[in-house]
Structures are given as C-alpha cells and as structure tokens.
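Chemist: Below you will find the structure I want to go over with you.
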Amino acid sequence: MKEWLLIRIYLSNQNLLSNLWIFFDKICNERPSSINSIIGIIWHVSQQLSKEALIEFIKIALPKLGICCMKQQFGVRLFGQIFFIKLYKLLGEDSDICIEYLSLYKAISESLQCVNYQKNSIQVDENFFYTIFNPIQHYTLETIYHHLPRLSNVSIEEWISKENFKDQIFLNMAVNIKMSNDDNRLDQAIIPYSFQKSSENTKPEEIECSQITTDIQKKIIPWKITLPNDKELTHMDNFSDLKNKIKNKQKMIIVASLVDKSQNLGGIARTCEIFGAKELVISNLKQIEDKAFQTLSVSSDKWLKIIEVKSFLLDKYLMEMKDCDWTLIGAEQTINSVNLINFKFPNQTVLVLGNEKNGIPANILPLLDVCIQIPQFGITRSLNVHVTSAICFWEYIKQHQIQY
Ligand code: SAH
Numbered sequence: 119m120k121e122w123l124l125i126r127i128y129l130s131n132q133n134l135l136s137n138l139w140i141f142f143d144k145i146c147n148e149r150p151s152s153i154n155s156i157i158g159i160i161w162h163v164s165q166q167l168s169k170e171a172l173i174e175f176i177k178i179a180l181p182k183l184g185i186c187c188m189k190q191q192f193g194v195r196l197f198g199q200i201f202f203i204k205l206y207k208l209l210g211e212d213s214d215i216c217i218e219y220l221s222l223y224k225a226i227s228e229s230l231q232c233v234n235y236q237k238n239s240i241q242v243d244e245n246f247f248y249t250i251f252n253p254i255q256h257y258t259l260e261t262i263y264h265h266l267p268r269l270s271n272v273s274i275e276e277w278i279s280k281e282n283f284k285d286q287i288f289l290n291m292a293v294n295i296k297m298s299n300d301d302n303r304l305d306q307a308i309i310p311y312s313f314q315k316s317s318e319n320t321k322p323e324e325i326e327c328s329q330i331t332t333d334i335q336k337k338i339i340p341w342k343i344t345l346p347n348d349k350e351l352t353h354m355d356n357f358s359d360l361k362n363k364i365k366n367k368q369k370m371i372i373v374a375s376l377v378d379k380s381q382n383l384g385g386i387a388r389t390c391e392i393f394g395a396k397e398l399v400i401s402n403l404k405q406i407e408d409k410a411f412q413t414l415s416v417s418s419d420k421w422l423k424i425i426e427v428k429s430f431l432l433d434k435y436l437m438e439m440k441d442c443d444w445t446l447i448g449a450e451q452t453i454n455s456v457n458l459i460n461f462k463f464p465n466q467t468v469l470v471l472g473n474e475k476n477g478i479p480a481n482i483l484p485l486l487d488v489c490i491q492i493p494q495f496g497i498t499r500s501l502n503v504h505v506t507s508a509i510c511f512w513e514y515i516k517q518h519q520i521q522y
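Residues 119 to 522, numbered by our numbering, are exactly what the sequence shown covers, in order.
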C-alpha cells in the first residue's frame with residue numbers, strides 16, 4: 119500500500135522525482151534490505167513515464183541499480199539485477215545509454231542464468247505487483263479492499279467481497295476513486311511467493327482461509343456472526359442445588375494479570391470465589407485494597423487464594439503451568455478462536471483473560487494451547503472481561519461438576 123501510494127505521488131508530481139533518488143541513496147546506505155521496495159517504485163514509475171521523461175529517468179536509475187547488483191545481500195542483488203535488465207529493455211536498443219551499459223547488461227544477464235537466480239527471478243516475474251498490477255488503472259476500492267488483502271494472504275474474513283463494488287455508486291469523498299476495476303486481471307493474480315504459507319501456489323478460487331501459524335487478535339464485525347440453532351443453545355435448568363453439587367475446589371485457575379481496572383478485578387474475584395476457583399492470579403496484590411475492588415468483591419477475596427504474577431512475568435508463569443500439565447486457554451476473539459459452544463474444557467484449566475483495552479498481547483497468544491470466544495450477536499465489539507470470566511467459568515462448571 120505504501121509503495122503504491124508513493125508511486126502515485128511521484129507520478130502526479132513528477133517534479134518530486136529527484137527526491138526519489140535522495141531517498142534511494144539514504145536507504146541504500148542505511149537499510150539496504152529495504153531497497154527492494156524502492157526498486158518496485160522505480161519500476162512502476164518508469165512504466166508510466168513519457169518517452170522523454172523515461173530516458174532521463176533511466177539515465178539515473180541504471181547506475182543506481184548497478185550499485186544494488188553488487189550489494190552483499192542476496193535479495194538486494196537479485197532485485198537489482200532483475201530490474202536492471204527490465205529497465206534496460208525499456209529503452210530502444212540503439213539508445214546511447216544502452217550502449218554505455220551494454221557490458222554490464224551482458225554480465226548481469228549471464229549471471230541471471232545461474233539456477234538459483236533463475237528460480238528466484240521467476241518468483242519476481244510471477245508476482246502480480248510487478249506484472250499484472252497497474253498503479254493507475256487499478257486504483258479502485260475493489261483493489262484496496264478486496265484484491266490487496268486477498269493477495270497479501272490476509273484472513274478471508276478481512277476482505278470485502280467483490281460483489282460490494284459492482285455498482286458505481288456516488289461516493290461523497292474528497293478523493294476521486296472508482297469502485298471497481300475495468301478489467302479482471304487482478305482476479306487471476308495469485309498470492310506472491312513471499313506471502314504464501316506453503317511453497318505451493320494457490321489459485322484464487324482455491325483459497326479458503328489462510329493457514330495462520332501464529333494467532334493474532336481479530337477485530338470482529340459482530341453482525342457477521344450467525345445465531346446458534348436451538349440444539350446449540352444449552353439448557354439452563356436444574357441449577358438451584360448447584361452449590362451442593364460443587365464439592366471440591368475446581369481445577370480452574372483464572373489469570374487476570376492483564377486486567378487493569380480494580381472494579382473488574384473485584385468482580386472476577388467474586389465470581390472465582392463463588393464458583394470455587396483454585397486460585398486467582400493478578401498483577402498487583404495491593405489492588406485488593408482499592409475501594410473499587412472491595413465494592414465489587416464484597417469480601418469474597420477473603421475466601422479465595424489470590425496470588426501475584428506481574429504482567430511482564432506472565433509468559434514465564436504460563437510456561438511453568440504448562441510444564442505441570444495445566445492447559446492454557448485464552449478468552450479472546452482471535453481468528454483461530456474456538457466457539458465456546460463447541461469447546462470441551464480440560465479438567466486442569468488455566469483461563470487467561472485479556473486487558474480491557476488491548477486484549478491478550480501478541481507475545482502471550484502463541485503460548486496458549488487454544489483461545490475460546492463467546493459468540494456475540496449484538497453490535498458492541500466485546501464483552502466486559504469480568505462477564506467473560508463468569509461465562510467461561512460457568513461453562514467449565516457445567517462440564518465438570520453438574521450431573522444432570
Ligand atoms: N480485544 C478486545 C478488547 C478486549 S475486551 C478488542 O480490542 O476489541 C477484554 C477481554 O475480555 C478480552 O481480552 C477477552 O479476554 C475478554 N472478552 C471479551 N469479549 C469476549 C468474547 N466474546 N469471547 C471471549 N473473550 C472475550
């Protein structure tokens with residue numbers, strides 16, 4: 119997106135093109151591994167320039183790319199070489215610049231014949247961004263919200279389907295942008311190699327949902343979730359003598375080290391005590407004395423084991439629990455979360471709750487065995503964290519304690 123934006127800025131303000139080279143030199147010296155982004159910009163800009171402007175542009179570009187061809191990093195060298203050849207070929211053969219760079223061109227062409235280079239250059243040639251994609255013609259909402267997320271291997275839930283861009287409705291926006299593309303070339307594009315999770319190429323129609331290896335938080339759109347059917351809704355009768363049926367302490371530990379607000383912690387403590395949690399983990403024991411905590415907790419903390427684990431030590435604590443055969447379960451809306459309706463709690467459960475604002479952070483999510491989410495049917499994005507703990511704990515109790 120950023121590369122595309124820069125391409126468009128340079129093309130509509132060609133007087134700024136001299137800045138591109140300042141930018142190029144800076145990146146080349148300070149962050150050579152990022153130079154490929156600039157090379158992509160150079161390539162697209164060159165494709166759109168008029169013949170005269172192109173000659174001037176390539177005059178500067180070729181020696182710059184020549185530097186990349188000599189860089190130590192394989193990726194930079196490869197890109198430099200591939201795009202040196204591409205730019206060179208844009209000029210007519212008898213142009214003065216071509217003659218000047220002929221020997222370098224020959225040397226690079228030959229080096230690109232080597233097997234390793236050939237394999238990698240095919241990946242560039244198959245990358246839609248350098249081939250099919252046109253920064254001017256494909257400047258549409260369809261490209262931004264459908265094709266780019268799809269081709270970046272973003273989860274299918276995050277794309278907006280193509281159907282939504284069919285009608286050229288009037289958009290009251292400051293920028294002039296079309297809804298859909300005039301051609302369907304991007305439909306044929308496949309996910310570039312660098313974004314693929316497996317080494318196999320996937321045709322667009324075969325892509326279902328990306329196989330995500332690490333879990334990430336999902337900002338859900340509540341109205342996309344379908345309602346459960348009657349069977350899925352669990353009966354809630356026979357709970358009057360629940361207390362009698364809960365004989366022993368549960369093997370349930372609630373981890374609230376990420377929870378900030380004392381009101382929420384007080385409420386969680388009350389739920390933990392009532393349902394018989396083995397222990398409650400919070401980040402600072404001093405919070406128990408807060409007035410807000412006490413108001414919600416109604417002294418339940420006196421009958422409950424509460425321990426302190428600072429949030430920055432949470433990962434260590436969780437790994438220790440894992441080693442002692444506890445299953446780590448996160449309550450969080452992530453793209454891989456299991457619906458609570460279908461979830462079977464293990465007997466020894468450590469339930470990790472997220473922060474009120476930021477949820478469960480990215481460094482903790484991969485440590486968890488699974489994340490569960492409570493289905494939502496309203497417009498509001500998430501439940502209160504205390505409510506979450508109560509619903510999850512209740513579900514655990516139904517599975518492990520109550521015999522109907
Ligand atoms: N991640 C949320 C904000 C956190 S809500 C967001 O940015 O939208 C605070 C915490 O409550 C979450 O981290 C999670 O532990 C819990 N929570 C809220 N709604 C939930 C749901 N539907 N399913 C599971 N956990 C939920």
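For every residue, glycine included, the Cβ atom is placed at its ideal position computed from N, Cα and C.
1) Is Gly198 near ligand 1, going by C-beta to nearest heavy atom under 7 Å?
2) What is the DSSP secondary structure of Cys489, counted as helix, strand or coil?
3) Taking Cβ positions, are His264 and Phe283 nearer each other than 8 Å?
4) My output table needs one value for Leu351: the three-state DSSP class, helix, strand or coil.
5) Is Ala387 a contact residue of ligand 1, with contact defined as CB to any heavy atom under 7 Å?
6) What do you reckon, is the C-beta of Ile334 under 7 Å from a heavy atom of ligand 1?
7) If you measure between the beta carbons of Cys576 and Ile226, is that distance less than 8 Å?
8) Using a Cβ-Cβ cutoff of less than 7 Å, which residues in the same chain neighbour Gln405 once the five nearest sequence positions on both sides are dropped?
9) Going by other Cβ atoms of all chains shown within 10 Å of its Cβ, with 16 needed for buried, is Arg268 buried or exposed?
10) Would you kindly report the start and end of the unbroken beta strand (DSSP E) that includes Leu471?
11) Quick check: what's the CA-CA separation for Phe197 versus Gln241?
12) In terms of alpha-carbon separation, which member of Glu260, Ser507, Ser270 and Asn271 lies closest to Leu376?
13) Any contact of the region 120-131 with the region 245-255, i.e. 3+ C-beta pairs under 8 Å?
14) Compute the distance between the beta-carbons of Ile203 and Leu230, then report whether it is under 8 Å.
15) Ile453: beta carbon under 7 Å from a heavy atom of ligand 1?
16) Using the Cα positions of Leu145 and Lys120, report the straight-line distance between them to the nearest angstrom.
17) Compute the Euclidean distance between the alpha carbons of Pro479 and Phe247, then round it to the nearest angstrom.
18) Check for me: the alpha helix (DSSP H) holding Val399 runs from which residue to which?
19) Could you give the C-beta distance for Glu513 and Leu458, rounded to a whole number, given that I count them as a contact under 8 Å?
20) May I have the straight-line CA-CA distance separating Ile424 from Val505, to the nearest angstrom?
21) Considering only DSSP beta bridges, list what Val456 is partnered with.
22) Using a Cβ cut-off of 8 Å (strictly closer), state whether Leu458 contacts chain C.
23) So is the beta-carbon of Gly384 under 7 Å away from any non-hydrogen atom of ligand 2?
24) Measuring only the C-alpha atoms, how far is Asp378 from Ser401?
25) When burial is assigned at 16 or more other CB atoms within 10 Å of the CB, is Trp421 buried or exposed?
26) Could you tell me whether the Cβ atoms of Phe201 and Leu220 are closer together than 8 Å?
27) Would you tell me roughly how many angstroms separate the C-alpha atoms of Leu138 and Gln191, rounded to the nearest one?
28) Taking 7 Å as the cut-off, is the CB of Val416 close to at least one heavy atom of ligand 1?
29) Alpha carbon to alpha carbon, how far is Ser164 from Asn147?
30) If I'm right that Asp419 touches Ala374 with Cβ under 8 Å, what's the distance once you round it to whole angstroms?
31) If I follow the unbroken beta strand (DSSP E) through Thr445, where does it start and stop?
32) Using 10 angstroms around the beta-carbon of Phe430, count the other beta-carbons present and answer buried if the total reaches 16, otherwise exposed.
33) Would DSSP call Gly184 helix, strand or coil?
34) DSSP beta-bridge partners for Ile424?
35) Is Lys296 helix, strand or coil when you go by DSSP?
36) Is DSSP giving Ile372 helix, strand or coil here?
Modeler: Short version:
1) Here residue 198 corresponds to residue number 80 of the sequence shown, with the count starting at 1. Checking every heavy atom of ligand 1 against the Cβ of Gly198, none is found closer than 7 Å.
2) Taking the first residue of the sequence shown as position 1, residue 489 is located at position 371. Reduced to three states, the DSSP call for Cys489 is strand.
3) Here residue 264 refers to the residue found at position 146 of the sequence shown. Here residue 283 refers to the residue found at position 165 of the sequence shown. A contact, by the Cβ cut-off of 8 Å.
4) Taking the sequence shown and counting its residues from 1, the one referred to as residue 351 is at position 233. With a pLDDT of 40 at Leu351, under the threshold of 50, the modelled position of that residue is not reliable, and the figure given next carries that caveat. Coil.
5) Start at 1 with the first residue of the sequence shown, and residue 387 comes out as number 269. Ala387: no, Cβ never under 7 Å from ligand 1.
6) For the purposes of this step, residue 334 is taken as residue 216 along the sequence shown, with counting starting at 1. Every heavy atom of ligand 1 is 7 Å or more from the Cβ of Ile334, so no.
7) Past the edges of the chain, shown from 119 to 522, lies residue 576, and the structure says nothing about it.
8) Walking along the sequence shown from the start, residue 405 turns up at place 287. The answer, listed in chain order, is Ser380, Leu383 and Phe411.
9) For the purposes of this step, residue 268 is identified with residue 150 of the sequence shown, where counting begins at 1. Buried, by the Cβ-count rule.
10) The count along the sequence shown starts at 1 and reaches residue 471 at position 353. Element bounds for Leu471: n/a, residue is neither H nor E.
11) For the purposes of this step, residue 197 is taken as residue 79 along the sequence shown, with counting starting at 1. For the purposes of this step, residue 241 is taken as residue 123 along the sequence shown, with counting starting at 1. Taking the straight line from one Cα to the other gives about 11 Å.
12) Position 258 of the sequence shown, counting from 1, holds the residue named residue 376. Cα-wise, what sits closest to Leu376 is Ser507.
13) yes
14) On the sequence shown, position 85 is the one that residue 203 refers to. On the sequence shown, position 112 is the one that residue 230 refers to. In contact: Ile203 and Leu230 (Cβ atoms closer than 8 Å).
15) On the sequence shown, position 335 is the one that residue 453 refers to. Ile453 Cβ: outside cutoff for every heavy atom of ligand 1.
16) For the purposes of this step, residue 145 is taken as the residue at position 27 of the sequence shown. For the purposes of this step, residue 120 is taken as the residue at position 2 of the sequence shown. Reading off the sequence, residue 145 comes out as Ile, not Leu. About 15 Å.
17) As a position in the sequence shown, residue 479 is number 361, starting the count at 1. As a position in the sequence shown, residue 247 is number 129, starting the count at 1. Looking at the two C-alpha atoms, the distance is approximately 32 Å.
18) For the purposes of this step, residue 399 is taken as the residue at position 281 of the sequence shown. Looking at the DSSP string, Val399 is not in any alpha helix (DSSP H); the run it does join, the beta strand (DSSP E), is Glu397 to Ile400.
19) As a working note, residue 513 is residue 395 in the sequence shown. As a working note, residue 458 is residue 340 in the sequence shown. Glu513 to Leu458, Cβ: 6 Å. Contact.
20) Along the sequence shown, read from residue 1 onward, the residue named residue 424 stands at position 306. Along the sequence shown, read from residue 1 onward, the residue named residue 505 stands at position 387. Rounded to the nearest angstrom, the two C-alpha atoms are 19 Å apart.
21) Counting from one through the sequence shown, the residue named residue 456 turns up at place 338. Paired residue(s): Ile490.
22) Given the protein chain composition of this structure (a single chain), no chain C is represented.
23) This structure lacks ligand 2; its bound ligands are ligand 1.
24) Within the sequence shown, the letter at position 260 stands for residue 378. Within the sequence shown, the letter at position 283 stands for residue 401. If you draw a straight line from the Cα of Asp378 to the Cα of Ser401, it is about 9 Å long.
25) Taking the first residue of the sequence shown as 1, we reach residue 421 at position 303. Burial call: exposed.
26) Counting from one through the sequence shown, the residue named residue 201 turns up at place 83. Counting from one through the sequence shown, the residue named residue 220 turns up at place 102. No. Outside cutoff.
27) Locating residue 138 in the sequence shown gives position 20, counting from the first residue. Locating residue 191 in the sequence shown gives position 73, counting from the first residue. So the two alpha carbons sit approximately 22 Å from each other.
28) Working through the sequence shown from its first residue, we reach residue 416 at position 298. Not so, every heavy atom of ligand 1 lies at least 7 Å from the Cβ.
29) On the sequence shown, position 46 is the one that residue 164 refers to. On the sequence shown, position 29 is the one that residue 147 refers to. Answer to the nearest angstrom: the Cα atoms are 23 Å apart.
30) Within the sequence shown, numbered from 1, the residue matching residue 419 stands at position 301. Within the sequence shown, numbered from 1, the residue matching residue 374 stands at position 256. Contact flag wrong, Cβ pair sits at about 12 Å.
31) Along the sequence shown, read from residue 1 onward, the residue named residue 445 stands at position 327. Thr445 to Ala449 is the extent of the beta strand (DSSP E) around Thr445.
32) For the purposes of this step, residue 430 is identified with residue 312 of the sequence shown, where counting begins at 1. Per the 10 Å Cβ criterion, exposed.
33) Along the sequence shown, read from residue 1 onward, the residue named residue 184 stands at position 66. Gly184: helix per DSSP, three-state reduction.
34) Taking the first residue of the sequence shown as 1, we reach residue 424 at position 306. Note: Ile424 sits in a beta bridge opposite Leu398.
35) Translated into the one-based positions of the sequence shown, residue 296 becomes position 178. Residue state, collapsed to three classes: strand.
36) Mapped onto the sequence shown, residue 372 falls at position 254. Here Ile372 sits in strand by DSSP.
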